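Structure, as structure tokens:
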Amino acid sequence: MNIFASNIKLLRKRRGRTQDDVAFALDMKRSTLSGYENEVAQPGIDALLSFSKYYGISVDTLLKVDLSKLSQSELMQLERGYDVFISGSKIRILTTTVDNNNNENIEVVNQKASAGYRVGFADPEYIRILPTFQMPFLSRDRKYRTFQISGDSMLPIPDGSWVTGEFVQNWNLIRDGVPYIILTLDDGIMFKVVTNHLKQDAKLTLHSLNPLYEPYDIEIRDVREVWKFVHYISSQLPEPNLPREELAATVATLKKDLEKLKKQVVAPQVLRLPFDES
């Protein structure tokens, strides 16, 4: 039995689920699931991603690691979200392209392509149709990819900027306070400053440069790719930063104005009625 078929059968039985249970949860026919488990059929990328999300285990692990050979403690850690691939002991499989001289291309994922990249990042056919270019000042020994970001959460880096990242294989090497491009199955491409909590609770905390956005945590089992920030390209100049004193004064003024508005709304209205003083 191939590794994937063995793994999904093992994981299903460890959860005490029937084929009907899992097929219903994954919105597929029981016969389809049975075909995967018995090597009658091979799953496509959508099915692989569905299994990965359902069991909380990376596609790499489902395809490459024979879970039946892991110890009970290793299996329990895996099921709690500590994917064996996170340790860096395995090489993450990255779909990539090369030019006519066998040099690594820098593929470009624009805003329109970002939705497709969320599900097609591991599909060679999808990656092959992305635009590519070269940057001679970047190392040929490393893999890079460029993503167009959207929104204002990383201001002063403007909306629509092109952010280039270096592929990270070992996620334990993610450094606190450094920007990364993170790909997750649910949220797609995110560009954030990261705090690494993998060893403590298998999570990353994502921070925006724009102080209007609060930090938030993501489970590492939901992450598909990590790219370390290298540089960005934009046709817009970043907005100038306000001096700290000026920014503090602006915030204080806004607070005072807000308090005035609250008092105007909350204060009772006095109704004066005419009366006869005689």
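Numbering (numbering that gives the first Met the number 0), first residue to last: 0 to 277. All C-beta atoms, glycine included, are put in the ideal place defined by N, C-alpha and C. On a predicted model such as this, the values are computed, not experimentally measured, just so you know.
* Compute the Euclidean distance between the alpha carbons of K326 and Q133, then round it to the nearest angstrom. => Because residue 326 is not part of the residues shown, which for the chain are 0 to 277, the question remains open.
* To do: Decide if K259 is buried, meaning its Cβ has at least 16 other Cβ atoms within 10 Å, or exposed.
  => Exposed, because fewer than 16 other Cβ atoms sit within 10 Å of the Cβ of K259.
* Asked: Based on the DSSP secondary-structure assignment, which residues constitute the bridge partners of G187?
  -> Among the bridge pairs identified by DSSP, G187 is matched with T183.
* Asked: Under 8 Å, do D221 and L184 count as touching if we go by C-beta distance?
  -> yes
* Asked: Cβ atoms of I173 and V193: under 8 Å apart, would you say?
  -> Contact flag set, yes.
* **Neighbourhood of K142 by C-beta distance below 8 Å, restricted to the same chain and skipping five residues each side** => L93, T95, E103, E165 and F166
* Three-state class that DSSP yields for K227 in the structure shown -> strand
* Are V58 and S51 close, meaning C-beta to C-beta below 8 Å? -> yes
* Extent of the continuous beta strand (DSSP E) to which D216 belongs -> Y215 to E218
* Asked: Between R160 and K198, what straight-line distance do the alpha-carbon atoms span, to the nearest angstrom?
  -> According to the sequence shown, residue 160 is Ser rather than Arg. Take the alpha-carbon of S160 and the one of K198: they are about 33 Å apart.
* To do: With DSSP as the reference, label Q133 as helix, strand or coil.
  => coil
* Asked: Under a three-way DSSP split, which group does N195 fall into?
  -> DSSP places N195 in strand when its eight states are reduced to three.
* Asked: Taking N209 as the reference, which of D175, H230, P237 and R223 has the closest Cα?
  -> Looking at D175, H230, P237 and R223, the one whose alpha-carbon comes closest to that of N209 is P237.
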